[in-house]
Every structure is written in C-alpha cells, then in structure tokens.
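For the sequence shown, this note's numbering begins at 1269 and goes up steadily by one. Notes for the one structure printed next.
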Amino acid sequence: MLMNFCLDVVLDFVNKLSCLRFCVLSANQRYMGEAGGFRVSSSERVREMENGGYEVPENANEHCPGPQSESAGKSDACEGCPNQQICATAPKGPDPDLAAIIERMATVKHKILVLSGKGGVGKSTFSAQLSFALAAMDFQVGLLDIDICGPSIPKMLGLEGQEIHQSNLGWSPVYVESNLGVMSIGFMLPHPDEAVIWRGPRKNGIIKQFLKDVYWGELDFLVVDAPPGTSDEHISIVQFLQATGIDGAIIVTTPQQVSLIDVRKEVSFCKKVGLQVLGVVENMSGFCQPLSGFKFIRYFLTCAAMREKCPEMLNLIAFSEVFDSSAGGGVKMCMDMGIPFLGKVPLDPQLCKAAEEGRSCFDDSKCQISAPALKTIIEKLLSQLEVSRI
C-alpha cells in the first residue's frame, strides 16, 4: 500500500514537472538544438493548431485549450487534468515574435505555399518556374525555401555558392533579378553537401527568422517552397503566416495513385489547419517530345530515312504515358474532394534541363511543351487570386 502511494506521488510529480517544463518553454518561445532539445511531434503540433494555435501537453485532457490560452486551467475541459493548477498560473500570451513577423509581412500582398505529398514530384521545380514567370510579368517576387533538410531552390535558381548579407534592415535575400529575391538555408551551409540534422524546434526557429529577419521590401508575391509531407515546417509556416494573411496552398502531384494517396493527406492537413487549397497541379502528366529529340536504336539510318522520305515527321510530337493514370489521376481526385484542378504539366526534358541549369523555361525556345502548360496554370492562379497582369 505504501509502495502504491509512493508510486502515485512520483507519477504525479513527473506529470507536473513535464507540464511545468512545457509551459516554461512555451512562455519563453525559444527553440533548442540537438543537445537536450525538447521536441513536439508533428501530430501534436497539428493538435496545437486545432486548439487555437496553442501547444498542448502530451498528457492533457481531450479538448485542452492549451497552457497559453486565457482559459487554461479554468475551462470545463481542464477538470481532472493533472496539469490544471500549473496551467492556470502559467504565463499567457501570443508568440512574442509574432508582432515582428506581422510587421515584415505587411508589405507582402500575396503569400502562396507550394506543397506535395511525396518528394520527387517536381514541387521545387514548379515553385522556381512559378517565381520566374511572375517576375517576368513585372511582379515583385520573393521565393522562400523552407525545405530545411533538403534545400534545392538555390540550385534551381542558379544561385549555388551565394551567401546571405546582413544590413541595418535585416537579412538581405539573394537576387536573381532586381524583382526576384530568394532566401534559403542553402545559402548558409559551409559546404553544399553539408547535412542539416535538426529537430523540430530548431526548424521552427529558422523559419521564424526567415519571416521576421529577412527584409523582402514591397512584394506582390511570396512563394514558399515547403518540404514534402506534413511535418514541423508546414505547421510552423502556416501558424506564422495565418496571422499575416495567407492566400492558400498549391499542391503538386504526379498522376499515379501512390502519389495521390499522400496528396489526399495533404488536403486533409490543409483543412485541419484552415488553409485554402488554391488548386492541384499534376506534374509529369505523360511524356512529350518531338521525334527529332528521340534517340532511335538505329539512329542514323532512321533519321536519314525520315529526312529523305518524310522530313515533316521529325516535327511531330510523340506522347507516352509514363505513370498509370487509369484511375483518373489528379482530375478525378479533385472532383471527388471538391478542390480546384489547375492543370497538367507533361514530363519535358527541356524543363528538366532548365531546372538543372537554374534558369527559366519561359526564356527557352526549346521548352515548347512545358512552358505553355505552366503559363496556363499560372493564368488560372492569377485569375483565382483576382490579380491582373501588370
């Protein structure tokens, strides 16, 4: 009996100590590194956003208002919670950096998040080409790369090896053109092959710095390239930008079901955190290329025969379905889920080459297949946002 009593006392002490540690961290709003880092899992942080943006202790009651809420420790949901007394006396209030983020983002008209359920579907390529296209329309554009562990935007914008500079106004983006600035952790790495091994709190901290310390100036668009999936980075960026006004998210997918399964989860994430889905882009939607671009098995004989007997055939466009879309692909999924479908972009070797070389496909006369498809998608996006071309 005495042993059971002691065990109950110890468990109660551990619960209270855990909650106290949580509340102190929440009140100070600080992040820590790998050593001794306190990590809130992605599922817990989704729950945080469902509870008014307040972080929720793991051992809390259902419908916990969060320890920073004004009703913490006082609401009906708090009855019987082991953390009730500590939460009732814990410091309250919003993130102290939120005011600085709101001030920075006040000069940005439109904020667009680019998401994907899986990696390798062309999300960063789309983000880069969207930014190039908007800048070519004379909009003031910023591209923010929050893929902390796998930053590819510097490569796709032709900015490898560049560094961030500090001014009295804050961090200065790296500029491709005078109206296209880029920010990425890739500019901060001592070596391009350096791995970034960070837990959630440190990722949260650098994203917060990108939003409050970078001097973007007056922007028409801020395009945010997120990592694949629904992780700490996504929850952080949505939570911070919702306070400043975010237009919504574009989700990039490929046609096959193995990709669409995760896109449905991405749509579910957007609904849970109150983020509008602006539309879905189906990338790699078939393979298109002029016959002149193919390498035939008997290349010289085949091409020579074509040039001699029917040269016009070399200008024909060949199409092949790379990924199985028999289930309807992105179009069917969007119809089922009641979200907009922005369009399809075929798998185009010239677009891949433009991305590898860090340049716009819209300036390349060889990108005759992907560039028109991307332009149509971007026009739909501008129409949806009720933005007129300059």
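Positions of the beta carbon are idealized from the N, C-alpha and C atoms, including for glycine.
Delimiting residues of the alpha helix (DSSP H) encompassing residue i
i	result
L1528	Q1525 to V1541
H1459	Note, H1459: premise wrong, no alpha helix (DSSP H); not H, not E.
I1256	Nothing in the structure corresponds to residue 1256, since the chain is present only between 1269 and 1658.
N1472	G1468 to D1481
C1661	The structure shown does not extend to residue 1661, since the chain is modelled only from 1269 to 1658, so the question has no answer here.
E1486	Careful: E1486 lies outside any alpha helix (DSSP H) and carries neither H nor E.
S1593	From DSSP, S1593 is part of no alpha helix (DSSP H); its letter is neither H nor E.
L1650	S1638 to Q1652
CB of residue i within 8 angstroms of CB of residue j, strictly
i	j	result
H1416	E1534	The question names His, but residue 1416 in the sequence shown is Ile. Not a contact, by the Cβ cut-off of 8 angstroms.
L1437	Y1483	yes
I1380	D1488	no
V1464	I1453	yes
S1553	K1612	yes
V1382	V1492	yes
V1451	L1412	It should be pointed out that residue 1451 corresponds to Met in this sequence rather than to Val. Yes; because the gap between Cβ atoms is below 8 angstroms, this pair is in contact.
G1596	V1548	no
G1385	P1458	no
M1424	G1626	yes
P1717	Q1430	Examination of residue 1717 is not possible in this model, given that the chain is present from 1269 through 1658 alone.
C1332	A1345	yes
I1637	D1604	no
C1635	A1623	no
Buried or exposed by the 16-neighbour rule on C-beta atoms within 10 Å, applied to residue i
i	result
A1374	exposed
E1550	buried
P1641	At residue 1641 the sequence reads Ala, which differs from the Pro that was named. By the neighbour-count rule (16 or more Cβ atoms within 10 Å), A1641 is buried.
G1390	buried
A1639	buried
I1474	buried
P1614	buried
M1601	buried
F1290	At F1290 the pLDDT is 45, less than 50, meaning the model places this residue with poor confidence; the figure from the coordinates comes in the next sentence. The residue in question, F1290, is buried, as its Cβ has 16 or more Cβ neighbours within 10 Å.
S1656	exposed
I1505	buried
S1593	buried
I1645	buried
D1406	exposed
V1526	exposed
Q1397	buried
H1378	buried
G1513	exposed
I1529	exposed
G1468	buried
A1340	buried
C1538	buried
Residue i (DSSP reduced to helix, strand or coil)
i	result
C1629	helix
C1556	strand
Q1434	strand
K1600	helix
K1612	strand
M1574	helix
S1399	helix
K1342	coil
T1498	coil
A1511	coil
T1521	strand
I1505	helix
I1380	strand
S1656	coil
V1314	Here the model assigns V1314 a pLDDT of 42, short of 50, so the residue's position is not dependable and the matter cannot be decided.
Residues near residue i in its chain [Cβ-Cβ closer than 6 angstroms; skip 5 each side]
i	result
S1688	The question about residue 1688 has no answer, for the chain in this structure spans 1269 to 1658.
F1508	I1369 and L1479
F1591	T1522, P1523 and Q1524
K1476	D1365
K1471	I1416, D1500 and E1501
S1420	S1392
Q1544	G1516
Residue i - containing beta strand (DSSP E), residue span
i	result
E1371	Unbroken run through E1371 is the alpha helix (DSSP H), L1366 to M1373; no beta strand (DSSP E).
L1448	L1448 to S1452
G1410	V1409 to D1413
E1445	V1442 to E1445
Nonlocal neighbours in the same chain, by C-beta distance under 8 angstroms from residue i, ignoring five residues either side
i	result
L1546	I1380, D1515, G1516, A1517, I1518, P1608, L1610, L1649, Q1652 and L1653
E1647	none
A1403	V1409, V1444, E1445, N1447 and L1448
S1435	Y1483
F1630	Q1397, F1400, A1401, A1404, A1639, L1642 and K1643
Cut-off 7 angstroms between Cβ atoms - residues of its own chain near residue i, not counting five sequence neighbours on either side
i	result
G1387	P1496
S1310	Summary for S1310: the model assigns pLDDT 40, below 50, so the residue's position carries little reliability; its value from the coordinates is reported in the next sentence. Excluding residues within five positions, the ones whose Cβ falls inside 7 angstroms are T1498, S1499, D1500 and I1503.
E1486	T1375 and Q1408
V1494	The sequence given here places Ala at residue 1494; Val does not occur at that position. Answer for A1494: L1381, V1382, L1383, I1414, D1415, E1501, H1502 and I1505, listed in chain order.
S1418	Before going on, a small fix: residue 1418 reads as Gly here, not Ser. Within the same chain, G1418 has close Cβ partners P1495.
Closer than 8 angstroms to chain B by CB, residue i
i	result
I1607	Reference to chain B is not applicable here, since this structure consists of a single protein chain.
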